[in-house]
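Under the working numbering, the first residue of the sequence shown is numbered 6, with each subsequent residue one higher. Remarks on the structure that follows.
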Amino acid sequence: MPVSRSQHTNERAEAHGCGTGILKHAPCKDCQAIMKVLLLKDPKEDDCGQDPYIRELGLYGLEATLIPVLSFEFLSLSSFSEKLSHPEGYGGLIFTSPRAVEAVELCLEKDNKTEVWKHSLKEKWNAKSVYVVGSATSSLVNKIGLDTEGESCGNAEKLAEYICSRAASCSEFPSSERPPPPRARPRTACGHRL
Numbered sequence: 006m007p008v009s010r011s012q013h014t015n016e017r018a019e020a021h022g023c024g025t026g027i028l029k030h031a032p033c034k035d036c037q038a039i040m041k042v043l044l045l046k047d048p049k050e051d052d053c054g055q056d057p058y059i060r061e062l063g064l065y066g067l068e069a070t071l072i073p074v075l076s077f078e079f080l081s082l083s084s085f086s087e088k089l090s091h092p093e094g095y096g097g098l099i100f101t102s103p104r105a106v107e108a109v110e111l112c113l114e115k116d117n118k119t120e121v122w123k124h125s126l127k128e129k130w131n132a133k134s135v136y137v138v139g140s141a142t143s144s145l146v147n148k149i150g151l152d153t154e155g156e157s158c159g160n161a162e163k164l165a166e167y168i169c170s171r172a173a174s175c176s177e178f179p180s181s182e183r184p185p186p187p188r189a190r191p192r193t194a195c196g197h198r199l
């Protein structure tokens, strides 16, 4: 049976008398040097004020260096702000990422709509369906005062199926106006949809 790198390092560490290896502390000087890793992601701070990836990797004796490799710019905020001000024109909201929530917050701040949001817009949007992908996005949407659904779907395809199943069962649409159910796409031998 093949031996993993961590098992091999632990065996070497124990053979040299430096404890239980990288899981408890850094290996001794006779053992393999501490592995350095690059994290290519946006930095995020947890409750301890540290990026959780750096903290967790450090607990395993890895030295992590974080390099933010992406830059992000919001486009069309003024157009989005205008649409956000008119919930009556839409059937609901779909948030697919924390960036989408950030865009709402920027629109409210930029156009001094925070009070209008608190006193009327939030309530109007909450009267509609507000869908999200993932628990992190759901938590942020809840912080701006919106109730969410679909969090456990996990990806766009499952969320779309969930939304379509709800729309098809809504009694507010006459049967002639209901959208047709989504057609199932064929699957590959691996089970992925084409």
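We treat Cβ as the ideally placed atom computed from N, Cα and C, and that holds for glycine. In this text the structure is predicted, and so the values were computed from the model without any measurement.
field: Limits of the unbroken beta strand (DSSP E) element including L43
entry: Sequence index remark: in the sequence shown, residue 43 carries index 38 (1-based). Counting along the chain, the unbroken beta strand (DSSP E) around L43 starts and ends at K41 to L45.
task: Given a cut-off of 8 Å, decide if L67 and K46 are closer than it, judged by their beta-carbon atoms.
output: Stepping through the sequence shown from its first residue, residue 46 is reached at position 41. Stepping through the sequence shown from its first residue, residue 67 is reached at position 62. No, these two residues do not count as a Cβ contact at 8 Å.
message: Quick check: the segment 80-98 against the segment 51-58, are at least 3 beta-carbon pairs closer than 8 Å?
response: Touching, no.
- prompt: What is the rounded straight-line gap between the Cα of M40 and the Cα of L82?
  reply: As a first step, residue 40 is located in the sequence shown; it is residue number 35 there, counting from the start. As a first step, residue 82 is located in the sequence shown; it is residue number 77 there, counting from the start. Whole-angstrom Cα-Cα distance: 43 Å.
message: Can you list, in chain order, the residues of its chain with a C-beta nearer than 8 Å to that of F178? Leave out the 5 residues immediately preceding and following it.
response: Position 173 of the sequence shown, counted from the first residue, corresponds to residue 178. Bear in mind that the predicted position of F178 carries a pLDDT of just 48, short of 50, making it unreliable; the figure below should be weighed with that in mind. Hits under 8 Å: A172.
field: Residue interval of the beta strand (DSSP E) (run including Y136)
entry: Position 131 of the sequence shown, counted from the start, is the residue given in the question as residue 136. Element bounds for Y136: S134 to V137.
- prompt: CA-CA distance, K118 and V135?
  reply: Within the sequence shown, numbered from 1, the residue matching residue 118 stands at position 113. Within the sequence shown, numbered from 1, the residue matching residue 135 stands at position 130. Rounded to whole angstroms, K118 to V135 spans 20 Å at the Cα level.
query: Leaving out the 5 sequence neighbours to the left and right, which residues in its chain are closer than 6 Å to K203 when beta-carbon positions are compared?
result: Residue 203 lies beyond the range of the chain shown here (6 to 199); nothing can be said about it.
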